[in-house]
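One structure is given here, and the rest of the page talks about it.
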């Protein structure tokens with residue numbers, strides 16, 4: 001994962017008269033937005049091609065660097081009201097090529113496997129009846145003509161993988177696969193030239209096809225994980241408004257900001273750099289830092305971070321960190337490092353192959369030399385017997401038993417609203433012994449709801465009249481609760497940034513906002529989010545909010561505890577909001593943890609030997625999600641968090657977390673059973689093969705039966 | 721067995737035709753983005769006959 005937060009020039013690849021630029025575009029809502037950008041750029045001088053992909057919000061432009069430069073192209077897009085950020089396209093372009101090459105190999109292998117089988121089956125059937133040697137030879141030559149080029153082409157991923165491993169003095173799963181493919185083909189050609197009755201071209205082609213299916217599935221799961229970095233780049237603000245010493249406003253690239261400069265951030269803009277507020281008052285969506293969905297009221301002296309969203313009023317900010325030093329860039333780096341650290345995970349199949357592969361090679365070599373020295377046969381016959389051992393022991397079991405089980409389990413989870421994003425997530429989930437939960441949006445629902453007291457009807461009408469004019473989440477929750485109440489209209493409704501709303505009812509001034517705004521600063525604060533109404537005379541009315549727990553949160557925690565898992569809360573929210581939730585659910589809770597605190601917390605648990613499942617939704621959880629042994633995010637989570645997580649679950653319930661762990665453990669036991677079934681089959685077949693007693697027909701029947709057993713066993717998961 | 725002279729080339733030819741079709745679909749980018757097509761129903765169509773004004777924008 002390469003996060004594109006670098007200097008724009010590096011991402012613009014240029015030749016003599018052709019340059020290419022890729023950018024992430026924020027703010028497109030429909031196809032016509034995309035077409036507008038394309039038409040505008042295509043009409044610009046020096047642009048030879050412009051293409052916008054709406055789904056992944058990508059812009060790709062070919063242009064002549066002599067006529068126009070990259071930054072002014074992006075500026076043109078920004079003029080249309082979109083936000084374009086340059087992206088490094090290198091990785092994703094090569095990933096696309098790799099994906100196409102894999103699918104092409106899969107197509108070729110599928111064609112070869114299907115067609116070779118036609119001739120193999122004919123030969124097998126013919127052997128039992130009356131096929132003449134000439135007809136048989138024709139069939140075998142055709143099979144060779146199809147299988148040899150197909151295996152040579154489609155087997156490349158395995159050959160290359162094996163070569164890479166061997167050149168570093170390592171053995172991976174590709175080594176026995178490549179060896180089996182090559183030796184199968186060589187021995188089959190020798191047999192064919194000798195006019196012998198048995199050739200193995202069908203085995204080579206089918207093996208390539210089946211193993212490629214697993215490879216393609218694996219690749220797709222990985223490709224999805226890369227999207228996160230691009231979404232993060234879209235939060236990065238491209239331009240900033242700098243305030244110079246003489247008070248003039250200058251538009252500059254936000255990367256060029258340096259500590260000590262003053263910038264202006266208008267309502268609705270994202271903050272371009274980390275800094276301290278010097279002047280102004282506003283509500284800022286700080287979910288990037290705290291995970292808290294309710295905006296914070298900000299005034300002079302407050303710390304503010306790049307990437308947070310200024311909602312209501314203009315702010316002047318004294319920059320103290322910009323570009324690569326901001327918290328946003330730091331989150332990107334944390335995710336990057338965390339994801340790299342985790343890729344050392346060794347799956348059960350990898351472990352099995354590291355024992356299995358040397359054993360297979362030793363057995364095959366022993367068969368060859370045993371026959372040569374003790375068996376008194378020509379060396380070709382000894383080689384054939386050795387190859388039969390290789391084919392029979394070829395890791396079909398590991399190549400098929402594991403993926404088929406995972407695919408069935410993934411389908412089962414999908415039906416339950418749980419999406420698996422990475423291939424080995426199930427195996428990681430099965431080994432989890434500790435669960436760390438975020439609070440806001442994970443244990444609790446994502447929107448605040450009104451608690452308790454209903455005010456007098458005339459107050460409700462006043463409240464509604466003001467609340468429905470505001471975009472503040474608490475005001476919207478109020479408006480939603482009281483929608484359908486008696487309607488009155490106030491005049492002169494004004495929004496006071498960072499404070500609240502006011503309006504006139506005749507001569508009375510009605511205020512709705514925070515406690516200072518209404519003038520009740522001395523009332524004790526119980527930690528709940530609140531709005532006060534000053535009805536223009538008389539006692540101010542308080543509306544308190546909390547984000548209620550998901551209805552099945554307690555039930556889910558109970559289920560997790562019953563399975564012997566440790567559960568705790570780790571939140572970026574304030575103590576007063578977090579500790580009661582922990583007490584209510586009966587689990588330990590830690591509050592006020594920033595993104596890197598969360599990461600450290602997870603690393604500490606890992607060092608203690610725990611396999612941690614992290615469940616979180618906020619941007620501030622993203623590094624922790626990427627670092628955890630395995631991670632889950634609700635579908636309401638921020639894009640980046642969803643990409644960082646291995647598993648995404650839908651709906652308002654928390655129970656899918658416990659259910660997923662259940663299914664993962666069941667899946668793991670089925671995988672182990674499947675591997676044991678395959679091993680049992682090998683224990684019977686390998687001695688026969690070593691003794692030279694196995695014909696292709698027997699091998700094919702035995703293999704099909706074992707594959708069928710494995711598949712049927714995997715299907716049990718459907719009823720899990 | 722003389723039927724094989726026709727049947728084998730016919731079977732192989734059909735197989736190759738299928739493979740060629742698949743490789744064409746792949747190289748024309750139809751497998752690059754498997755999700756966009758399912759979402760396209762949610763987006764507005766472009767006007768059937770874009771007028772000259774919109775071209776200038």
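Protein chains in written order, with this note's numbering: chain A, 1 to 720; chain B, 721 to 777. Note that CB positions come from ideal geometry on N, CA and C, so glycine has one too.
Through-space distance from residue 209(A) to residue 749(B), alpha-carbon basis
22 Å
Taking residue 732(B) as the query, report the chain A residues whose CB atoms sit under 7 Å from its CB, ordered along the chain. 115
In angstroms with no decimal places, state the Cα-to-Cα distance between residue 385(A) and residue 689(A). Note on geometry: alpha-carbon atoms of residue 385(A) and residue 689(A) lie some 7 Å from one another.
Quick check: what's the CA-CA separation for residue 153(A) versus residue 105(A)? 7 Å
Beta carbon proximity, residue 742(B) to chain A, threshold 9 Å:
yes
- What number of angstroms, rounded off, separates the C-alpha of residue 230(A) from the C-alpha of residue 751(B)? With a pLDDT of 48 at residue 230(A), under the threshold of 50, the modelled position of this residue cannot be trusted, and the question is left open.
Closest by CA to residue 725(B), which one among 20(A), 138(A), 215(A)? 138(A)
If you measure between the beta carbons of residue 508(A) and residue 536(A), is that distance less than 9 Å?
yes
Does residue 487(A) come out as helix, strand or coil in the three-state DSSP assignment? coil
Tell me the rounded alpha-carbon separation between residue 439(A) and residue 549(A).
When rounded, the distance between both Cα atoms is 9 Å.
query = Within 10 angstroms of its Cβ, does residue 344(A) collect 16 or more other Cβ (buried), or is it exposed?
reply = Here the model assigns residue 344(A) a pLDDT of 49, short of 50, so the residue's position is not dependable, and the following value carries that caveat. When all chains shown are included, residue 344(A) counts as exposed.
### Span separating the alpha-carbon of residue 300(A) from that of residue 333(A)
The C-alpha of residue 300(A) lies about 30 Å from the C-alpha of residue 333(A).
- alpha helix (DSSP H) segment containing residue 625(A), residue limits: 622-627
Given that residue 104(A) touches chain B, what residues does it touch there, using C-beta distances under 9 Å?
Here the neighbours are 742, 743, 746, 747.
Is residue 666(A) near residue 409(A), with beta carbons less than 9 Å apart?
yes
In this structure, how does DSSP classify residue 718(A) when only helix, strand and coil are distinguished? helix
Item to check | Stretch pair the segment 651-661 of chain A + the segment 459-470 of chain A: three plus CB contacts closer than 8 Å | outcome: no
For the putative contact between residue 430(A) and residue 664(A), defined by C-beta atoms under 8 Å, what is the C-beta separation to the nearest angstrom? Sure, about 4 Å apart at Cβ, within 8 Å.
If distances are taken between C-alpha atoms only, which option among 404(A), 634(A), 529(A), 314(A) comes closest to residue 577(A)? 529(A)
In whole angstroms, what is the alpha-carbon distance linking residue 379(A) and residue 393(A)? 21 Å
**Asked** Looking at C-beta atoms only, is the number of pairs between the segment 610-622 of chain A and the segment 638-650 of chain A that lie closer than 8 Å three or more?
**Response** yes
Run through the DSSP bridge pairs and tell me what residue 60(A) is partnered with.
22(A), 51(A)
inquiry  = Against chain B, does residue 107(A) count as a neighbour if the rule is that its beta carbon must be under 9 Å from one of theirs?
reply    = yes
Report the rounded CA-to-CA distance for residue 387(A) versus residue 180(A), giving the unit in angstroms. 7 Å
Handout entry: Inter-stretch contact at 8 Å, needing at least 3 Cβ pairs: the segment 317-327 of chain A / the segment 496-504 of chain A
Key = The segment 317-327 of chain A is not in contact with the segment 496-504 of chain A.
Identify each residue in the segment 136-149 of chain A for which the Cβ-Cβ distance to at least one residue of chain B is less than 7 Å, and report them in chain order.
So the close ones are 142.
*Contacting residues, own chain, Cβ-Cβ under 8 Å from residue 448(A) (five flanking each side not counted)*: 293, 294, 473, 474, 477, 529, 545, 546, 547
Count the other CB atoms, across all protein chains shown, that sit within 10 Å of the CB of residue 718(A); report buried if there are 16 or more and exposed otherwise. When all chains shown are included, residue 718(A) counts as exposed.
Any chain B beta carbon closer than 9 Å to residue 76(A): no
For residue 683(B), go through chain A and note every residue whose CB falls closer than 8 Å to its CB, in chain order. Here chain B has residues from 721 to 777 only, and residue 683(B) is not among them.
* Asked: Straight-line CA distance for residue 515(A) to residue 580(A)?
  -> 23 Å
| said: I want to see whether chain B comes within less than 9 Å of residue 227(A), judged by CB atoms only; does it? | reply: Bear in mind that a pLDDT of 47 at residue 227(A), under 50, signals an unreliable position, so the number given afterwards is only what the model happens to contain. No, residue 227(A) does not count as interfacial toward chain B.
query = Sorted by chain position, which residues of the same chain lie with C-beta nearer than 6 Å to residue 266(A)'s C-beta, five sequence neighbours on each side aside?
reply = So the qualifying residues of the chain are 314.
- Which chain E residues sit within Cβ distance under 8 Å of residue 402(A)? In the displayed structure, chain E is absent; the protein chains listed are A and B.
Problem set entry | Simplified DSSP state of residue 600(A), which is helix, strand or coil | Reduced to three states, the DSSP call for residue 600(A) is helix.
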